[in-house]
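Here the structure comes first, spelled out in structure tokens, and everything after it is commentary.
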Amino acid sequence: MQVTVQAEPFDLGALSNAFAAQVGGAGAVVTFTGLVRDNGGTLAAMEIEHYPGMTEKAISGMVEQAMLRWSLIDALVVHRHGLLAGGEAIMMVATAARHRAEAFAAAEFLMDYLKSRAPFWKKELSTDGAEWVAARDEDEAALNRW
Amino acid sequence: MQVTVQAEPFDLGALSNAFAAQVGGAGAVVTFTGLVRDNGGTLAAMEIEHYPGMTEKAISGMVEQAMLRWSLIDALVVHRHGLLAGGEAIMMVATAARHRAEAFAAAEFLMDYLKSRAPFWKKELSTDGAEWVAARDEDEAALNRW
Amino acid sequence: MIDVLYFAWVRERIGVPREKLDTQAATVMDLIAELKAREERYAWAFGDLASLRVALDQELSSFDAPLAGVREVAFFPPMTGG
Amino acid sequence: MIDVLYFAWVRERIGVPREKLDTQAATVMDLIAELKAREERYAWAFGDLASLRVALDQELSSFDAPLAGVREVAFFPPMTGG
Numbered sequence: 001m002q003v004t005v006q007a008e009p010f011d012l013g014a015l016s017n018a019f020a021a022q023v024g025g026a027g028a029v030v031t032f033t034g035l036v037r038d039n040g041g042t043l044a045a046m047e048i049e050h051y052p053g054m055t056e057k058a059i060s061g062m063v064e065q066a067m068l069r070w071s072l073i074d075a076l077v078v079h080r081h082g083l084l085a086g087g088e089a090i091m092m093v094a095t096a097a098r099h100r101a102e103a104f105a106a107a108e109f110l111m112d113y114l115k116s117r118a119p120f121w122k123k124e125l126s127t128d129g130a131e132w133v134a135a136r137d138e139d140e141a142a143l144n145r146w
Numbered sequence: 147m148q149v150t151v152q153a154e155p156f157d158l159g160a161l162s163n164a165f166a167a168q169v170g171g172a173g174a175v176v177t178f179t180g181l182v183r184d185n186g187g188t189l190a191a192m193e194i195e196h197y198p199g200m201t202e203k204a205i206s207g208m209v210e211q212a213m214l215r216w217s218l219i220d221a222l223v224v225h226r227h228g229l230l231a232g233g234e235a236i237m238m239v240a241t242a243a244r245h246r247a248e249a250f251a252a253a254e255f256l257m258d259y260l261k262s263r264a265p266f267w268k269k270e271l272s273t274d275g276a277e278w279v280a281a282r283d284e285d286e287a288a289l290n291r292w
Numbered sequence: 293m294i295d296v297l298y299f300a301w302v303r304e305r306i307g308v309p310r311e312k313l314d315t316q317a318a319t320v321m322d323l324i325a326e327l328k329a330r331e332e333r334y335a336w337a338f339g340d341l342a343s344l345r346v347a348l349d350q351e352l353s354s355f356d357a358p359l360a361g362v363r364e365v366a367f368f369p370p371m372t373g374g
Numbered sequence: 375m376i377d378v379l380y381f382a383w384v385r386e387r388i389g390v391p392r393e394k395l396d397t398q399a400a401t402v403m404d405l406i407a408e409l410k411a412r413e414e415r416y417a418w419a420f421g422d423l424a425s426l427r428v429a430l431d432q433e434l435s436s437f438d439a440p441l442a443g444v445r446e447v448a449f450f451p452p453m454t455g456g
């Protein structure tokens, strides 16, 4: 299990390969990568604030829950903070399980919880100005399925 | 859209990075990788037979359906055939969409269809001998959700 | 003349991956009946239709589909890809 | 003395990311009422509780939770991670 919160960019490919190389017994690996959407050039950048200390603790709790619930062989979460440009990767999740249903469910669970329960706040910096991203009702509602 | 059927190993990391680098406008990238399960050393290898010509056609049809249904920005399927060792990657799927729900749903849809509708047949070569993998009722049933 | 292909354990039971057949069979079922009557290895391969699938010209099809105009028939067990 | 932290637009409205407060407030609600009475910038930040979340010692909590023994209180808008 690996949980990393960092300002630096991460290498999706290198992390995926390293993760898949050490999940003996797994039949399924799922990764999710969140990117800064480049809305036709109007979104210049994104700034991500977080709560050092609580962030790592909250994410580790979610990952432990997912590991148990879906008998995962391993799981990984990397999340960036600070200033990110359009198209850059914000975060990634990886899950490994014996079968695909468990790997998919655990990855979706982690994403739903990261969206609404990990202390990150996104601010969009566009050519029109800066604006805090509002939490979406559908993201909160997504938690009900777990 | 990229569909590749090949005997050679593929590089999950390199393909993931190349895919994520060219999906302008996407906020979510999901990958699924299927591995040969190493059952405590008893599974020596896996042999995958396929139907050249029909395989590519069937997978391309599934990918086109997924692209339309979830308004994907891009999708990729790579599937190997021939002899694979325990722990090796059998296949991967990647999907890119504006939001995570679409990217996840499309990846799961493609996996369900690849499992039961793409003309591949797996044979497990273990220390106990060789055996064709039987299709699982739950894989067939999984198609009903789409 | 029609190309007939076999995969996985169907291929193993029949002993060849493909063959050209001269047949007047009107449907897939007719072709199967003709082959089963011909030799024991076909009867063995086609013994349980529930565990068989058929593709006509590389499209999944049903056993009662007509063969008129079809150039390639393939028989195989349920697929196990992914 | 208690550490109080603010994030995102709550931090922007209050003007500082954290401060040490000397308070006798028994619950989070009491602390909020005390701050709102103190200065306009607090009243602005805490105007709509429905759009606020609170963590006590880095665990999400509720507004009626007691502050006894708590060393760190954090106020912020609903989270937007992932």
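Going down the list, the sequences are from chains H, B, C and A.
The first sequence: position 43 = 43 (this note's numbering), numbered continuously.
The second sequence: position 92 = 238 (this note's numbering), numbered continuously.
The third sequence: position 5 = 297 (this note's numbering), numbered continuously.
The fourth sequence: position 44 = 418 (this note's numbering), numbered continuously.
Cβ atoms here follow ideal geometry from the backbone N, Cα and C, with glycine treated the same way.
Since this is a predicted model, take the numbers as computed values, not measurements.
Taking buried to mean at least 16 other C-beta atoms within 10 Å of its own C-beta, is residue 5 of chain H buried or exposed? By the beta-carbon neighbour count (other beta carbons within 10 angstroms, threshold 16), residue 5 of chain H is buried.
Is there a Cβ from chain A that is less than 9 Å from the Cβ of residue 146 of chain H? Closer than 9 Å: no.
Which residues in the same chain have their Cβ closer than 8 Å to the Cβ of residue 447 of chain A, if we skip the five residues on either side of it in sequence? Excluding residues within five positions, the ones whose Cβ falls inside 8 Å are 376, 377, 378, 379, 402, 405, 428, 429, 430 and 441.
For residue 146 of chain H, which residues in the same chain have their Cβ closer than 6 Å to its Cβ, ignoring the five residues on either side in sequence? Scanning its chain for C-beta atoms nearer than 6 Å, with the 5 sequence neighbours on each side dropped, one finds around residue 146 of chain H the residues 109, in chain order.
If you pair each beta-carbon of the stretch 85-103 of chain H with each one of the stretch 22-40 of chain H, do three or more pairs fall below 8 Å? The stretch 85-103 of chain H is in contact with the stretch 22-40 of chain H.
Amino acids of chain B, ordered along the chain, whose beta-carbon sits closer than 9 Å to that of residue 336 of chain C: Residues of chain B with a Cβ closer than 9 Å to the Cβ of residue 336 of chain C do not exist, since the nearest Cβ in that chain sits about 15 Å away.
For the beta strand (DSSP E) holding residue 331 of chain C, just list the boundary residues, first then last. DSSP places residue 331 of chain C outside any beta strand (DSSP E), giving it a letter other than H or E.
Just mark residue 390 of chain A as buried or exposed, buried being the case when its beta carbon has 16 or more other beta carbons within 10 Å. By the neighbour-count criterion, in which a residue is buried when 16 or more other Cβ atoms sit within 10 angstroms of its Cβ, residue 390 of chain A is exposed.
Please say whether residue 191 of chain B and residue 159 of chain B have beta carbons closer to each other than 9 Å? Using a Cβ distance threshold of 9 Å, residue 159 of chain B and residue 191 of chain B do not count as a contacting pair.
Pick from C/363, C/350, C/341 and C/370: whose alpha carbon is nearest that of residue 356 of chain C? Looking at the Cα atoms, C/341 is the closest of the given residues.
Selection of the stretch 260-288 of chain B by Cβ proximity to chain C, strictly under 9 Å: For the stretch 260-288 of chain B, which is checked against every Cβ of chain C, the residues closer than 9 Å are 260, 261, 262, 263, 264, 265, 266, 267, 268, 269, 278, 279, 280, 281, 282, 285 and 286.
Please report the residue range of the beta strand (DSSP E) in which residue 377 of chain A lies. Where residue 377 of chain A is concerned, the enclosing beta strand (DSSP E) stretches over 376-380.
What span of residues does the beta strand (DSSP E) with residue 61 of chain H cover, start to end? Looking at the DSSP string, residue 61 of chain H is not in any beta strand (DSSP E); the run it does join, the alpha helix (DSSP H), is 54-69.
Tell me which same chain residues have a C-beta within less than 6 Å of the C-beta of residue 337 of chain C, skipping the five on either side of it? So the qualifying residues of the chain are 302, 305 and 306.
Residue 242 of chain B - containing beta strand (DSSP E), residue span: Annotation: the continuous beta strand (DSSP E) that includes residue 242 of chain B extends over 235-243.
Residue span of the beta strand (DSSP E) that contains residue 421 of chain A, given as start and end: Where residue 421 of chain A is concerned, there is no enclosing beta strand (DSSP E), because DSSP gives it neither an H nor an E.
Quick one: Cα of residue 76 of chain H to Cα of residue 200 of chain B, how far? A direct Cα-to-Cα measurement between residue 76 of chain H and residue 200 of chain B gives close to 37 Å.
Along the chain, where does the beta strand (DSSP E) that runs through residue 345 of chain C open and close? That run of the beta strand (DSSP E) goes 345-348.
Confirm, please, whether the CB-CB distance from residue 382 of chain A to residue 121 of chain H is below 9 Å. Yes, these two residues count as a Cβ contact at 9 Å.
Pull out every residue of the stretch 62-83 of chain H whose Cβ sits closer than 8 Å to any Cβ of chain B, in chain order. Answer set for the stretch 62-83 of chain H: empty.
What is the DSSP secondary structure of residue 362 of chain C, counted as helix, strand or coil? In this structure, DSSP gives residue 362 of chain C a state outside helix and strand, which the three-state scheme calls coil.
Is residue 219 of chain B helix, strand or coil when you go by DSSP? DSSP, read as helix, strand or coil, puts residue 219 of chain B in coil.
Thinking C-alpha only, which one of B/156, B/260, B/285 and B/274 is nearest residue 211 of chain B? Answer by Cα proximity: B/260.
Do you know offhand how far residue 449 of chain A's Cα is from residue 239 of chain B's? Taken atom to atom, the span from the alpha-carbon of residue 449 of chain A to that of residue 239 of chain B is near 41 Å.
Short CB-CB distance (under 9 Å) between residue 374 of chain C and chain B: So yes, residue 374 of chain C belongs to the interface.
Cβ-based burial, residue 217 of chain B [other Cβ within 10 Å; buried from 16]: Answer is exposed; the Cβ neighbour count stays below 16.
Would you check if the distance between the CB atom of residue 147 of chain B and the CB atom of residue 209 of chain B is smaller than 9 Å? Yes, the pair counts as a contact, with Cβ atoms nearer than the cut-off.
Cβ pair residue 179 of chain B, residue 235 of chain B closer than 9 Å: In contact: residue 179 of chain B and residue 235 of chain B (Cβ atoms closer than 9 Å).
Apply the 10 Å Cβ neighbour rule to residue 153 of chain B and answer buried if 16 or more other Cβ atoms are within range, or exposed otherwise. The residue in question, residue 153 of chain B, is exposed, as its Cβ has fewer than 16 Cβ neighbours within 10 Å.
Strictly under 9 Å for the Cβ-Cβ distance: is residue 108 of chain H near chain B by that measure? Judged by the 9 Å Cβ criterion, residue 108 of chain H is in contact with chain B.
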